[in-house]
Amino acid sequence: RDQAIHDLWIEYKDSGDERAREGLILHYSPLVKFVAGRVGSGLPRNVDQNDLVSFGTFGLIDAVDKFEPERGFKFETYAVNRIEGAILDEMRALDWVPRSVRSRVREIQRTMAELEHRLQRTPTEEEVADAMGVPPDTLRTHLGEIANLGFVALDELLNASEKGSGSISDIIPDLTAVDPSGSFEKEETRYLLADSINRLPDRERLVLTLYYYEGLTLSEIGGVLNVTESRVCQIHTKAVMSLRNRFIE
Amino acid sequence: IDDLRSRRSICDELDTELSYYRRMIQGRIDLLDFELRRRSGEETRSLIEALPEILADSASGRTSNPLDRELSLDLPELAGGGAREVDTALSDGFLAHLPTIEVDELRRIRDSLSEMEAKISEQRRAVYDAHDIITGEITKRYREGTASADELL
Ligand SMILES: Nc1nc2c(ncn2[C@@H]2O[C@@H]3COP(=O)(O)O[C@H]4[C@@H](O)[C@H](n5cnc6c(=O)[nH]c(N)nc65)O[C@@H]4COP(=O)(O)O[C@H]3[C@H]2O)c(=O)[nH]1
Ligand SMILES: Nc1nc2c(ncn2[C@@H]2O[C@@H]3COP(=O)(O)O[C@H]4[C@@H](O)[C@H](n5cnc6c(=O)[nH]c(N)nc65)O[C@@H]4COP(=O)(O)O[C@H]3[C@H]2O)c(=O)[nH]1
Chain A
649 RDQAIHDLWI
659 EYKDSGDERA
669 REGLILHYSP
679 LVKFVAGRVG
689 SGLPRNVDQN
699 DLVSFGTFGL
709 IDAVDKFEPE
719 RGFKFETYAV
729 NRIEGAILDE
739 MRALDWVPRS
749 VRSRVREIQR
759 TMAELEHRLQ
769 RTPTEEEVAD
779 AMGVPPDTLR
789 THLGEIANLG
799 FVALDELLNA
809 SEKGSGSISD
819 IIPDLTAVDP
829 SGSFEKEETR
839 YLLADSINRL
849 PDRERLVLTL
859 YYYEGLTLSE
869 IGGVLNVTES
879 RVCQIHTKAV
889 MSLRNRFIE
Chain B
68 IDDLRSRRSI
78 CDELDTELSY
88 YRRMIQGRID
98 LLDFELRRRS
108 GEETRSLIEA
118 LPEILADSAS
128 GRTSNPLDRE
138 LSLDLPELAG
148 GGAREVDTAL
158 SDGFLAHLPT
168 IEVDELRRIR
178 DSLSEMEAKI
188 SEQRRAVYDA
198 HDIITGEITK
208 RYREGTASAD
218 ELL
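Each protein sequence line maps, in turn, to chains A and B.
Numbering follows the working numbering, with no gaps: position 122 of the first sequence is 770.
Numbering follows the working numbering, with no gaps: position 83 of the second sequence is 150.
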């Protein structure tokens, strides 16, 4: 069985045989379904899943063309990365995060950073709304809008200002997986993060702790706090923004 | 509560593994269905041309919130390398030469994959039931105050 696929790789890479190439694309094509479904669940709800599958299919074709079997790596792992990359690249090219939301994120982050500096503590939603000259409900609606963009976009938006300083989702997953050989650097970051979360207002601290350290979903956290899931999303977005500000300083 | 957490992480591992195999089999079933439609003349496009449409989900709709944690794209340890029924099915290279396979054989493969998919989807649902019960117990402890989030930091 495996021999047949192995032969197709040799046939395609040696002679560029188009039939072998198509055979390889079809053989691995279910990977696109797996990746598009999972990447899709971190994107805004209005994104069309069929588009993701199309982008992902180009990623797979690209992977088949560029793969070098003689290097001995498994094709599946390489292909999954390229399929994911192709989907996210296309989404960015379509500018899926509306400009108005991008500028709103910057405005909220800037206001929060100024208030934190002045008050030497995390400002409440009311204080941020006041400083922005809007009613608290309007600020909450904005926070909800930002949350609806999903995990992938939030990460990018919050890191856009300072590239390479490590995103929240890079820092946190590492921390919860206990690492026996824990390098000093990780312990240091772990401590910094726990300290920053500890200084957040009660509700924000609880949401981030249950979300990142206990691994609960937003609706499950809503059940603990007795609030709606969309309210949890708003609290989460604000908390991650203030956390972000602390990390940058 | 640590015991609950370790049981839940077992469910998460099973979910990742079962969801991977389920999707790999569903993709094969959908490609077979398309080829059978091509043989009966219902479909005139080639497999490659129609690929994105074949692989898309039937209905749209999602269970999770876009803000819930990013899903892992790690492949299960064995992916295609073990000796289980599912591994044999995934390592069979029939997709690479679908147009040369007899219709009866196409139907036979489709039926056996469909049975496998139904079993895996059932196991996956059972894992979600277990996951929901365990998580329900964890959130109850937080609500009642017997578990404290501050311990986690
Ligand atoms: N060939 C092929 N078969 C497919 C595909 N998608 C699902 N199936 C199979 O068809 C059954 C019905 O799928 P459904 O109508 O989407 O109905 C699904 C869907 O509404 C829901 N569901 C299951 N898993 C998920 C999920 O991860 N996300 C979402 N949003 N809904 C899900 O539960 C229902 C029952 O799911 P299951 O018991 O797993 O049973 C599923 C599964 O065995 C596909 O793309 N190709
Ligand atoms: N604890 C728990 N976890 C759950 C449940 N349902 C799904 N999951 C997990 O959550 C992932 C994301 O689900 P989604 O957002 O609905 O996003 C899904 C959905 O949009 C689509 N999908 C998968 N299966 C079906 C299906 O049977 N029918 C339909 N319509 N869509 C499906 O593909 C995406 C990715 O699916 P997967 O790779 O299977 O990945 C799934 C699966 O690992 C649940 O009831 N409880």
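We treat Cβ as the ideally placed atom computed from N, Cα and C, and that holds for glycine.
With DSSP as the reference, label residue i as helix, strand or coil.
i	result
Arg750 of chain A	helix
Leu864 of chain A	coil
Asn698 of chain A	helix
Glu137 of chain B	coil
Gln768 of chain A	coil
Thr876 of chain A	coil
Ser813 of chain A	Because the pLDDT at Ser813 of chain A is just 48, under 50, the model does not fix this residue reliably, and the point stays unresolved.
Thr824 of chain A	Any answer about Thr824 of chain A is weak, because its pLDDT of 49 lies below 50 and its placement is not dependable; what the coordinates show is given next. Helix.
Gly664 of chain A	coil
Gly685 of chain A	helix
Glu144 of chain B	coil
Lys722 of chain A	coil
Arg151 of chain B	coil
Ser179 of chain B	helix
Val728 of chain A	helix
Val776 of chain A	helix
Val782 of chain A	coil
Leu679 of chain A	helix
Ser844 of chain A	helix
Thr213 of chain B	coil
Ile187 of chain B	helix
Pro849 of chain A	coil
Arg693 of chain A	coil
Gln882 of chain A	helix
Glu169 of chain B	coil
Tell me whether the beta-carbon of residue i lies closer than 8 Å to the beta-carbon of residue j.
i	j	result
Glu681 of chain A	Leu114 of chain B	Going by the sequence as given, residue 681 of chain A is Lys instead of Glu. It is not a contact, given that the beta carbons lie outside the stated cut-off.
Leu791 of chain A	Thr865 of chain A	no
Pro133 of chain B	Leu742 of chain A	no
Leu142 of chain B	Glu724 of chain A	yes
Ser158 of chain B	Asp650 of chain A	yes
Pro119 of chain B	Ser702 of chain A	yes
Ile205 of chain B	Ile68 of chain B	yes
Arg879 of chain A	Gly871 of chain A	no
Arg90 of chain B	Gly685 of chain A	yes
Ala652 of chain A	Ala150 of chain B	no
Leu672 of chain A	Tyr660 of chain A	yes
Asn893 of chain A	Glu716 of chain A	no
Leu873 of chain A	Leu854 of chain A	yes
Glu191 of chain B	Ser86 of chain B	In the sequence as displayed, the identity of residue 191 of chain B is Arg instead of Glu. Cβ atoms of Arg191 of chain B and Ser86 of chain B: closer than 8 Å.
Met760 of chain A	Pro771 of chain A	yes
Asp124 of chain B	Gln757 of chain A	no
Arg75 of chain B	Thr202 of chain B	yes
If you drop the 5 nearest sequence neighbours on each side, which residues of the same chain put their C-beta closer than 6 Å to that of residue i?
i	result
Val687 of chain A	Glu732 and Ile735
Arg788 of chain A	Gln882
Trp657 of chain A	Pro717
Tell me which same chain residues have a C-beta within less than 8 Å of the C-beta of residue i, skipping the five on either side of it?
i	result
Phe101 of chain B	Glu110, Leu114, Ala117 and Ile121
Ala156 of chain B	Ile92, Arg95, Ser179, Leu180 and Met183
Leu856 of chain A	Ile845, Leu848, His884, Ala887, Val888 and Leu891
Ile77 of chain B	none
Arg177 of chain B	Ile96, Leu99, Asp100 and Leu103
His198 of chain B	Arg75, Cys78, Asp79 and Asp82
Using a Cβ-Cβ cut-off of 7 Å (strictly less than) and excluding sequence neighbours within five positions of residue i, which residues of its own chain qualify?
i	result
Val153 of chain B	Tyr88 and Met183
Val745 of chain A	Leu797, Ala801 and Leu805
Leu679 of chain A	Leu708, Glu724, Ala727, Val728 and Ile731
Pro784 of chain A	Glu773, Glu774 and Ala777
Arg129 of chain B	none
Ser867 of chain A	Glu877
Arg669 of chain A	Tyr660 and Val712
Leu173 of chain B	Leu99, Glu102 and Leu103
Glu738 of chain A	Phe703
His706 of chain A	The sequence as given places Phe at residue 706 of chain A; His does not occur at that position. Closer than 7 Å at the Cβ level, and outside the excluded window around Phe706 of chain A, lie Ala734.
Val782 of chain A	none
Glu211 of chain B	none
Curious, which full-length beta strand (DSSP E) runs of at least 3 residues does the segment 81-133 of chain B contain?
none
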